Amino acid sequence: MTASAAAAPQRRGTELPEPVRVAELAALLGAELQGDGQQPVRRLAPLASADAESITFATGPRYAAQLAQSTAACVIIPPALQEAASHRPARLVTADPYACYARLTQWWAVQLRPRVQAGVHPSASVAEGVRLGEGVCIGAQAVVEAGAVIGAGAQIGPLCHVGAGVEVGEHTRLAPQVVLMPGTRVGARCLLHSGVVVGADGFGFAPGAEGWVKIEQLGGVWIGDDVEIGANTCIDRGALDDTVIDSGVKLDNLIQIAHNVQIGAHTAMAGCAAVAGSTRIGSRCTIGGAANIVGHLTIADGVHVSAASLVMSSLTRPGHYTGVYPLEEHADWERNAATLRRLHGLRERLRNLEKKTRP
Amino acid sequence: MTASAAAAPQRRGTELPEPVRVAELAALLGAELQGDGQQPVRRLAPLASADAESITFATGPRYAAQLAQSTAACVIIPPALQEAASHRPARLVTADPYACYARLTQWWAVQLRPRVQAGVHPSASVAEGVRLGEGVCIGAQAVVEAGAVIGAGAQIGPLCHVGAGVEVGEHTRLAPQVVLMPGTRVGARCLLHSGVVVGADGFGFAPGAEGWVKIEQLGGVWIGDDVEIGANTCIDRGALDDTVIDSGVKLDNLIQIAHNVQIGAHTAMAGCAAVAGSTRIGSRCTIGGAANIVGHLTIADGVHVSAASLVMSSLTRPGHYTGVYPLEEHADWERNAATLRRLHGLRERLRNLEKKTRP
Amino acid sequence: MTASAAAAPQRRGTELPEPVRVAELAALLGAELQGDGQQPVRRLAPLASADAESITFATGPRYAAQLAQSTAACVIIPPALQEAASHRPARLVTADPYACYARLTQWWAVQLRPRVQAGVHPSASVAEGVRLGEGVCIGAQAVVEAGAVIGAGAQIGPLCHVGAGVEVGEHTRLAPQVVLMPGTRVGARCLLHSGVVVGADGFGFAPGAEGWVKIEQLGGVWIGDDVEIGANTCIDRGALDDTVIDSGVKLDNLIQIAHNVQIGAHTAMAGCAAVAGSTRIGSRCTIGGAANIVGHLTIADGVHVSAASLVMSSLTRPGHYTGVYPLEEHADWERNAATLRRLHGLRERLRNLEKKTRP
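In the order they appear, the protein sequences are chains A, B and C.
Quick note: the first sequence, position 227, residue 313 per the working numbering, numbers continuous.
Quick note: the second sequence, position 128, residue 214 per the working numbering, numbers continuous.
Quick note: the third sequence, position 193, residue 279 per the working numbering, numbers continuous.
Printed below as a string of structure tokens:
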């Protein structure tokens with residue numbers, strides 16, 4: 087066992103102040119209640135650690151054995167697991183337990199999190215003429231520059247910088263230390279995590295006799311509705327036109343989106359991915375962690391790129407694409423990688439042999 | 087068509103308050119004017135979307151067809167495209183249209199951007215004894231520690247932290263939320279984007295019986311003139327000597343520069359690249375996005391490393407170097423990658439066959 | 087010679103206000119003093135640049151030649167280098183010169199760095215009911231939310247955000263602009279560099295008919311003692327349980343740690359590495375720069391992963407693992423990579439040839 091398994095006395099992060107009856111959750115989630123609707127639950131936990139005060143979930147048959155041993159008060163399950171869960175006091179049966187669990191986390195978060203107070207913190211710097219919608223909250227030490235427009239119910243976290251003329255849509259939330267440079271427009275119900283930088287200059291220079299000549303980046307950034315952007319992710323402003331992040335896009339942490347990139351609706355990108363300048367990515371794509379897409383490409387809708395793969399040319403058909411060197415023990419890698427450097431030569435030798443043995 | 091193409095009603099980001107006559111731009115740029123010098127232009131746009139109020143540019147023959155269909159008011163072109171552009175009302179002819187366009191963006195930016203007001207924002211924290219040059223601007227909530235020296239015309243953005251004794255050169259600009267730790271020296275006319283961290287500790291630990299022993303990082307960071315550093319890029323302080331970024335270097339976003347690295351003049355690195363400790367990179371190199379260079383290497387002047395490639399040994403000659411696994415459909419990759427793990431064995435088998443068939 | 091070598095007039099970053107006698111350092115470090123204990127030293131320098139006022143170190147025989155030419159006042163050496171160092175005025179002999187040097191840097195840092203003043207900067211925003219231990223320092227423009235608990239001697243840097251209820255252990259230091267979101271617990275004697283974001287939401291969404299359904303991240307982050315976290319590194323909060331970083335872990339810059347990851351004690355990860363969700367990494371592992379580990383894996387204690395390698399399956403045995411495409415001149419790469427796409431076919435052809443030539 088590694089030390090880490092024992093080290094952290096897990097906080098009971100999901101504990102409600104008051105338990106909730108399972109029947110109430112069934113109604114809320116539109117799931118079929120089986121067993122005792124009066125069963126109280128107090129915590130939301132993974133299947134492996136859910137106890138007699140917890141509600142949990144199992145998405146399919148591969149969890150049947152684990153489910154059989156569970157002592158959870160209530161489980162969210164698909165119809166196929168009714169048998170395996172029948173020993174639990176209460177069950178919520180639904181066609182899509184994972185989406186049902188997702189909606190339950192949203193209800194749970196509302197119970198646990200302190201309600202945000204509308205208003206401008208006295209330490210914030212808000213310029214004259216900023217337009218603040220109803221119920222807006224501006225956190226401590228935040229800076230909102232002239233001409234910014236903040237939609238109703240939006241939250242600007244502590245230490246954020248909202249540049250001159252920036253538009254932030256209704257109910258959009260900026261975690262602490264987000265930077266929105268001038269020329270940025272963020273839609274409604276977005277969530278931007280700490281350290282996000284939107285609208286820094288794209289990387290544009292012309293070669294000149296004395297060194298690089300700066301190409302000023304005169305475009306902006308257009309972000310749709312319901313977009314989530316992970317911590318320390320960067321989205322550069324366009325050179326002349328805007329960089330575009332369409333509605334429903336989900337970006338993880340430490341992602342780089344270069345100038346004039348367009349990302350289609352509901353595309354999701356995992357952490358440390360990067361997209362170079364002017365590439366257009368379709369909708370409902372998934373881009374794996376640390377994957378890279380070079381510039382000036384077009385990626386079709388419904389493309390899935392594996393983690394750590396490099397996309398070097400346009401992908402015109404949906405599909406699953408991969409390009410990674412398989413991991414090996416180092417000594418094996420040394421031998422194989424050395425041979426790889428001669429691969430073209432090996433192919434020539436093989437061809438020669440084939441000629442020789444041809445009758 | 088992907089959703090993204092239609093989603094964003096492009097702002098007219100480059101629209102001047104008043105149109106400008108083409109003759110004025112020709113004089114400014116030192117380009118040869120052809121056609122009507124009195125032609126007004128109002129926007130700067132890419133060739134594909136430039137309209138009858140726009141100036142645009144085309145760098146070479148591959149744009150001839152697109153140029154033939156353009157309705158732009160004015161185009162910046164090389165001599166070879168004079169024929170193809172002759173139907174436009176005005177043309178600016180120059181040997182290097184891309185550099186000419188770059189200089190035009192600089193003029194354009196000056197027209198569009200609000201002039202920065204010199205002075206210290208009342209919410210900033212500026213320690214006693216800080217030396218501020220003429221025309222310095224310190225943004226809201228910024229923190230400037232004791233002994234810092236800020237050159238004339240420099241701009242310290244809102245929420246920046248300038249550590250004790252840090253030197254910032256004349257006309258250097260820090261975007262919001264830049265951190266310069268003590269021991270940092272930044273030259274003149276640099277531009278550091280939001281989230282840049284200069285002078286955090288290099289990653290240095292000695293193995294000890296009880297775990298890692300911290301090696302305090304006592305060096306600093308020396309940054310030359312005309313350097314640009316992209317958002318959320320990190321440049322660590324040296325262990326004993328300084329980390330050095332020479333003049334004219336351009337670093338994109340989310341780059342990692344480890345302790346005691348030296349980067350030669352006018353080298354450019356694209357986003358997410360990383361250089362490990364004590365490596366020296368020559369001048370006028372280009373390092374592709376997400377490329378990695380391991381520690382303690384020497385890279386010659388004029389080396390070009392492709393995106394996502396790993397440099398594992400010193401490169402003593404200029405040239406173009408690549409090391410990436412080519413992208414494939416996943417099923418093909420699975421077959422080929424499995425075979426790659428046996429590549430050395432295949433070579434042995436080939437050798438045996440060659441012996442056998444030798445007469 | 088590259089321009090960078092000449093560009094930076096190195097500051098004398100390690101110069102003490104007053105020289106120190108070598109005998110004092112020998113006592114402090116528990117090293118055997120040879121030569122003149124009264125020898126003064128003023129700077130701590132690498133072997134290559136140490137002069138007659140400097141102390142330096144050499145870890146083993148490979149430095150013998152360089153040591154022979156050194157003019158350093160004092161060298162820290164292993165017994166095997168006593169001969170080679172005998173011409174220097176003073177020598178400190180120890181079984182582990184690198185760890186001895188590490189401890190010396192710690193003493194040196196104490197001499198050079200200004201003592202931090204305890205107290206809360208007047209520009210900081212500290213909520214009611216925050217518990218501050220003795221000697222705590224809260225920097226300018228910092229924000230500390232309700233219910234936070236800051237241990238004795240801890241330092242919260244300028245412009246940091248410490249969320250509601252966050253716990254920061256004794257003598258832990260946050261550099262400027264660190265964000266700790268609610269649900270974060272940091273142990274004692276940790277060091278978090280600028281731009282670190284702890285406790286942003288993990289990347290969790292369920293697919294739904296209308297797009298992605300947010301899975302609220304209800305867990306937190308548990309960080310042990312003596313952990314160091316590099317600039318702009320992100321550690322996401324858990325979905326239900328906590329993300330766990332065990333004591334003694336060292337993380338470099340720009341690292342991504344996803345939700346519910348567990349990292350065992352004394353594991354070190356170099357810059358730009360990333361670990362996807364729910365992976366457990368053992369103790370005393372080393373993960374190379376830009377290496378990636380996919381989600382839901384288990385990595386044994388004592389595993390070493392090379393830079394830029396992708397770990398795609400669990401590693402149950404300690405060892406050194408690598409998976410990177412070797413760098414080549416671009417033209418060679420083009421030939422070999424094209425052949426790699428047909429590797430499985432080559433293997434088939436080889437097999438056919440072997441059949442043919444079988445007697």
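We treat Cβ as the ideally placed atom computed from N, Cα and C, and that holds for glycine.
Computed from a predicted structure; not experimentally measured.
Same chain only: Cβ atoms within 6 angstroms of residue i, ignoring 5 sequence neighbours per side
i	result
V252/C	A234, L266 and T270
A342/C	In the sequence as displayed, the identity of residue 342/C is Gln instead of Ala. Hits under 6 angstroms: C320 and A360.
V216/C	V230 and A234
Burial state of residue i, where buried means 16 or more other Cβ atoms lie within 10 Å
i	result
D137/B	exposed
H352/B	buried
S333/A	buried
Q348/A	buried
E314/B	buried
V196/A	exposed
A295/A	exposed
K336/B	buried
Residue i at chain B interface by Cβ criterion, 9 angstroms
i	result
E414/A	yes
E169/C	no
F291/A	yes
D322/C	no
P132/C	yes
L218/A	no
L153/C	no
Residue i, enclosing beta strand (DSSP E) - first and last residue
i	result
L133/A	From DSSP, L133/A is part of no beta strand (DSSP E); its letter is neither H nor E.
H352/C	That residue, H352/C, is in no beta strand (DSSP E); it is neither H nor E in DSSP.
T46/C	In this structure chain C extends from 87 to 445, so residue 46/C is not present and cannot be described.
L153/A	Counting along the chain, L153/A falls outside any beta strand (DSSP E), though it belongs to the alpha helix (DSSP H) covering A150 to A154.
A176/B	A176 to V179
Q120/C	E118 to G121
P183/B	Not the beta strand (DSSP E): P183/B falls in the alpha helix (DSSP H), residues P183 to L198.
Residue range of the unbroken alpha helix (DSSP H) whose run includes residue i
i	result
V264/B	Taken as a continuous stretch (DSSP letters only), V264/B belongs to no alpha helix (DSSP H), as it is neither H nor E.
E214/B	Run containing E214/B: none; DSSP gives neither H nor E here.
G431/B	L429 to T443
H345/C	Premise fails: H345/C is in no alpha helix (DSSP H) and is neither H nor E.
R421/A	H416 to L426
Test: residue i CB closer than 9 angstroms to a CB of chain C
i	result
W298/B	yes
S280/A	yes
W308/A	no
V410/A	yes
K336/B	no
Beta carbon proximity, residue i to chain F, threshold 9 angstroms
i	result
A424/A	The structure shown contains no chain F; its protein chains are A, B and C.
Cutoff 7 angstroms; reference residue i; Cβ partners in own chain excluding five residues on either side
i	result
G281/A	Q263, A317 and N318
V410/B	S392, A394 and S395
V212/C	V206, I224 and V230
V127/A	P105, V106, V108, E139, S140, I141, A159 and C160
Sequence-distant residues of the same chain with beta carbon closer than 8 angstroms to residue i, five excluded per side
i	result
A158/B	A131, L133, A136, D137, A138, S140, I141, T142 and R174
A292/A	W298, V299 and I301
G431/B	none
Beta carbon proximity, residue i to chain A, threshold 9 angstroms
i	result
V380/C	yes
Y184/B	yes
C358/B	yes
G405/C	yes
D387/B	no
Query raised in the report: At a cut of 8 angstroms, does the region 196-211 of chain B reach the region 129-145 of chain B through at least three beta carbon pairs?
Result: no
Query raised in the report: Would you call the region 277-287 of chain C and the region 183-199 of chain A touching, i.e. three or more CB-CB distances under 8 angstroms?
Result: no
Report task. Kindly confirm or deny that the region 355-367 of chain B and the region 379-387 of chain B touch, where touching means at least three C-beta pairs closer than 8 angstroms. Result -> yes
Query raised in the report: Using 8 angstroms as the threshold, is the region 102-122 of chain B in touch with the region 435-444 of chain A, meaning 3 or more CB pairs across them?
Result: no
Requested in this report: Kindly confirm or deny that the region 399-413 of chain A and the region 402-418 of chain B touch, where touching means at least three C-beta pairs closer than 8 angstroms.
Outcome: yes
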